[in-house]
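Participant:
In my numbering, the protein residues as written are 10 to 252.
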C-alpha cells in the first residue's frame, strides 16, 4: 500500500478547476516546527470571523493535546490510507504529502470551495513540504508564514508539555531532524514570512497584518532570521536523551 501511495503522490497534480479556485482566494499557510504554536495562533485568527479554517486530512490517528483528544473534522479529517488513496485517485486534494515518513497529510478542494462561497481568507495549517505546491500554483494569493518559538528552551518546554510520555527518544530525534530540515528550507526560500511566537496576541496580529497587507518591517524580518539560525545551532548541539 505505501509503495503504491508513494507513486501516486509523486505524480499527483490538482485539476485545472482546483487551480482556478485557489487563484481566487487569499491563502494563509501556517507552517512551523512541532510545538511552534500553530494551533493557538489559528484559534486567535478564527475568532476574528474573517478566516475559514481549512481542515487538513491526515492518515495518522487522533492524539491528545494537553490531555484533550483531537476530534475528527476539527483538528483534522482523520482518514485511512485506503481513503487517502481514493481521494488522490479522484483528485480531491490541492496537495498531499508524506510527513515524518509515516503519514499522509493533504488539503482538500472541498475546503477551498466552502471558503470561496463564504468570502473569507483561507487559513491552512500544513507541513512545510506542502507549501511549494501552493506557491507554484498561485504565488500571488499564497502567503506562507513560518512560526518559530523565540528560543530552544521555550520550544523544548512546549514540546514536553504536548508530547511527554507519548514520544520516545527515537521519534524525538526524528522531530529534531525534521525541524532542522524545515528551518533550513525556509531560510533558503524568501517567499516565507517568519513570525516568532513569543507573545501569542502579538504573533497573531502580525499574521493578520501579513494576511491583509503582505508586508513585514525589515527589523521583524531580520529578527525572525536570527531566531531561526540560533534555533538551528541549538538543535544541532542538543543531547536527544535530554527529552
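Idealized CB from N, CA, C, for every residue including glycine.
If we count the other Cβ atoms within 10 Å of its Cβ and call it buried at 16 or more, is residue 65 buried or exposed?
Facilitator: As a working note, residue 65 is residue 56 in the chain shown. It counts as buried.
Participant: In or out: residue 96 buried (at least 16 other Cβ within 10 Å) or exposed?
Facilitator: The sequence position of residue 96 within the chain shown is 87, counting from 1. Residue 96 comes out buried.
Participant: The beta strand (DSSP E) with residue 113 in it runs from where to where?
Facilitator: Taking the first residue of the chain shown as position 1, residue 113 is located at position 104. First-last of the beta strand (DSSP E) with residue 113: 112-117.
Participant: Assuming residue 218 is part of the alpha helix (DSSP H), what are its boundary residues?
Facilitator: Indexing the chain shown from 1 puts residue 218 at position 209. Looking at the DSSP string, the run of the alpha helix (DSSP H) that includes residue 218 is 209-222.
Participant: For residue 151, decide whether its Cβ has a neighbour in chain D, counting only Cβ atoms nearer than 7 Å.
Facilitator: Considering every chain present, this structure includes no chain D. It has just one protein chain.
Participant: Let me check understanding here. Comparing Cα to Cα, which of 94, 60 and 25 lies closest to residue 12?
Facilitator: Working through the chain shown from its first residue, we reach residue 12 at position 3. Considering only alpha carbons, the answer is 94.
Participant: Give the secondary structure of residue 155 by DSSP, where H, G and I count as helix, E and B as strand, and everything else as coil.
Facilitator: By 1-based counting over the chain shown, the position of residue 155 is 146. DSSP places residue 155 in strand when its eight states are reduced to three.
Participant: Measuring alpha carbon to alpha carbon, tell me which residue in 20, 59, 108 and 158 is nearest residue 132.
Facilitator: Against the chain shown, residue 132 aligns to sequence position 123. Of the candidates 20, 59, 108 and 158, the one whose C-alpha sits nearest the C-alpha of residue 132 is 59.
Participant: Assuming residue 100 contacts residue 24 under a Cβ cut-off of 8 Å, what Cβ separation, rounded to an integer in Å, is found between them?
Facilitator: The residue labelled residue 100 in the question sits at position 91 within the chain shown. The residue labelled residue 24 in the question sits at position 15 within the chain shown. Their Cβ separation, rounded to whole angstroms, is 5 Å, which keeps residue 100 and residue 24 in contact under 8 Å.
Participant: Can you confirm whether the segment 15-22 touches the segment 101-108 when touching is taken to mean that 3 or more C-beta pairs between the two stretches lie within less than 8 Å?
Facilitator: Yes, they touch.
Participant: Using the Cα positions of residue 215 and residue 117, report the straight-line distance between them to the nearest angstrom.
Facilitator: The count along the chain shown starts at 1 and reaches residue 215 at position 206. The count along the chain shown starts at 1 and reaches residue 117 at position 108. Taking the straight line from one Cα to the other gives about 27 Å.
Participant: Quick check: what's the CA-CA separation for residue 213 versus residue 50?
Facilitator: Position 204 of the chain shown, counted from the first residue, corresponds to residue 213. Position 41 of the chain shown, counted from the first residue, corresponds to residue 50. Computed Cα separation, rounded: 5 Å.
Participant: Would you mind sorting residue 77 into buried or exposed? The rule is 16 or more other CB atoms within 10 Å of its CB.
Facilitator: Within the chain shown, residue 77 is the residue found at index 68, counting from 1. Residue 77 is exposed by the Cβ-count criterion.
Participant: Do the segment 42-56 and the segment 140-150 touch if we need at least three Cβ pairs shorter than 8 Å?
Facilitator: The answer is no - the segment 140-150 does not touch the segment 42-56, with fewer than three Cβ pairs under 8 Å.
Participant: Taking residue 43 as the reference, which of 160, 151, 166 and 188 has the closest Cα?
Facilitator: In the chain shown, counting from the first residue as 1, residue 43 sits at position 34. The candidate whose alpha carbon is nearest that of residue 43 is 188.
Participant: For the alpha helix (DSSP H) containing residue 15, name the first residue and the last one.
Facilitator: Within the chain shown, the letter at position 6 stands for residue 15. Its alpha helix (DSSP H) spans residues 11-19.
Participant: Between which two residues does the beta strand (DSSP E) carrying residue 130 extend?
Facilitator: Here residue 130 corresponds to residue number 121 of the chain shown, with the count starting at 1. Its beta strand (DSSP E) spans residues 130-134.
Participant: If you run the structure through DSSP and keep just helix, strand and coil, what is residue 121?
Facilitator: In the chain shown, counting from the first residue as 1, residue 121 sits at position 112. Helix.
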